[in-house]
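Step one of this worksheet: look at the structure below.
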Amino acid sequence: MNKLVFSNLLHRPLRSLISIFAVAIEVVMILSVVAIFMGMLNDQQQRTNGIGADLMMMGSHASIFNSLNAPSMPVADATVLRRLPHVAIVSPAVQHSDLTTSSLAVIYGIDYSTFAAMRPFTFVSGGPFQGPNDAMIDSVWADAHHLDVGSTLTVLGHAFTVSGIVEPGKGGREMVPLDTLDNLMGVVGKASIFYIKCDTPAHDALVTNEIHAVPGLGDNEVLSMNEFLSQITPSSLPGFNAAVDAVTAIAVIVGFLVIFQALYTAVLERTREIGILKSMGASKPAIVSVVLRETAILAGAGVLLGIAGTFGVHVILRHFFPTTSFEVTLPWTARGAGIAFCGAICGALYPAWMAARKDPVEALAYE
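Counting in my numbering, the sequence shown runs from 1465 upward without gaps.
And the structure:
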């Protein structure tokens, strides 16, 4: 039977290859979409954690994707926060999503002295801001846009001079002076977030309570860094589940239809062969087994090709969009492979059932 299965697959090599590619495309679609979303989340986690803060204070209506919120808190609140017991460093910042470039950029407006005090920058070249029109970028952004120290960087229509290039993993990929970004956004003396470093991480809860007890600050949201990072999950990313569900549904339908069509046609072509098998005593389960084994081989080959293709997509994206993070995880690889494999098997069920129901006399007489 196994020899028969492989012979059937090799008898129509083009049809077999099309079926394999259909399953592979299914896997690539699912894993690539998930990898891009997971890469975005993990990249934000790493860069936020790299700032070195213990607490984050945001406005009362802020979301964890705080760059989408307009600055609403006075920068002067930093002075109040610094007076609280157990507070070592307070750094006001603004995060702004810049959609005017070809790549989505989250611009950080920072107070360099306090921001660097929490965890120092590691400069690849150049140094800190020397004036209000200077900017710092990380090495990933510099390589992607072919920028060096002294190059011109345009942010919100304003020209900045790159003063320094830093190693990635601390805040944004593009950083400019806080006051300058405030002016460009049409707000003065405002911050969208305060990064707070305690004298010891053990005082996180105590400092949080102290902040909420300060008049005017009680409505602000204060999160420890661990709390913030724990909220950066796929379910918190707008559109993640909907996008994955939509792509998965489309991919499964494509894979199902291709496998169904290929196996349905194969069963029609093998009517006489099926009649011979049944006349020799092959049972209905045996006939079904032949069809499903063919499908399992096609699906297995397609899954392996799809996983390899996903890494190929990663290489292409890294070349053309180097700032896009791509995270292929083992759980999602297994899930995508399982979805594609089960979809293929489902597509073969009716052709297998149809083959098992064929009458051996009619099948032998089939021309």
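We treat Cβ as the ideally placed atom computed from N, Cα and C, and that holds for glycine. If you're wondering where the values come from, they're calculated on a predicted model, not measured in any experiment.
Item                                                                                                   : Value
Gly1590: first and last residue of the uninterrupted alpha helix (DSSP H) it sits in                   : That residue, Gly1590, is in no alpha helix (DSSP H); its beta strand (DSSP E) goes Phe1587 to Gly1590.
Helix, strand or coil at Thr1616 according to DSSP, with G and I counted as helix                      : strand
Gly1595 to Pro1795 span [Cα, whole Å]                                                                  : 48 angstroms
The region 1482 to 1495 / the region 1634 to 1646 touching (three or more Cβ pairs under 8 angstroms)  : no
Beta-carbon proximity of Met1521 to Ile1675, cut-off 8 angstroms                                       : yes
Ile1809 vs Leu1756 beta-carbon contact at 8 angstroms                                                  : yes
C-beta contact flag for Gly1773 and Ala1488 at 8 angstroms                                             : yes
Among Phe1692, Arg1782 and Thr1788, the one whose alpha carbon lies nearest that of Asp1507            : Thr1788
Exposed unless 16 or more other CB atoms sit within 10 angstroms - verdict on Ala1819                  : buried
DSSP three-state assignment for Asn1530, whether helix, strand or coil                                 : The predicted position of Asn1530 is uncertain, since its pLDDT is 48 and thus under 50; no value can be drawn from it.
Nearest-angstrom Cα separation, counted from Thr1712 out to Ser1627                                    : 45 angstroms
Length of the line joining the Cα atoms of Ala1623 and Leu1645                                         : 12 angstroms
Proximity to Ala1706 [Cα-Cα], best of Arg1476, Pro1477, Glu1490 and Val1497                            : Val1497
In DSSP terms, what Pro1556 is bridged to                                                              : Phe1658
Within 8 angstroms, strictly: CB atoms of Phe1692 and Ser1555                                          : no
Residue closest to Leu1548, alpha-carbon to alpha-carbon, out of Ser1753, His1667, Gly1766 and Gly1776 : His1667
Nearest-angstrom Cα separation, counted from Gln1559 out to Ala1551                                    : Strictly speaking, residue 1551 in this sequence is Val, with Ala absent from that position. Straight-line Cα distance between these residues: approximately 23 angstroms.
8 angstroms Cβ cutoff met for Val1570 and Met1600                                                      : no
Pair within 8 angstroms by beta-carbon distance, Met1502 and Asn1684                                   : no
CA-to-CA distance, Phe1805 to Ala1761, given in whole angstroms                                        : The question names Ala, but residue 1761 in the sequence shown is Ile. Cα to Cα, the separation comes out at about 10 angstroms.
Element boundaries [beta strand (DSSP E), containing Phe1624]                                          : His1622 to Val1630
Reduced DSSP secondary structure (H/G/I, E/B, other) of Val1716                                        : helix
Spatial distance of Ser1531 from Ser1694 (CA atoms)                                                    : At Ser1531 the pLDDT is 47, less than 50, meaning the model places this residue with poor confidence; the figure from the coordinates comes in the next sentence. About 18 angstroms.
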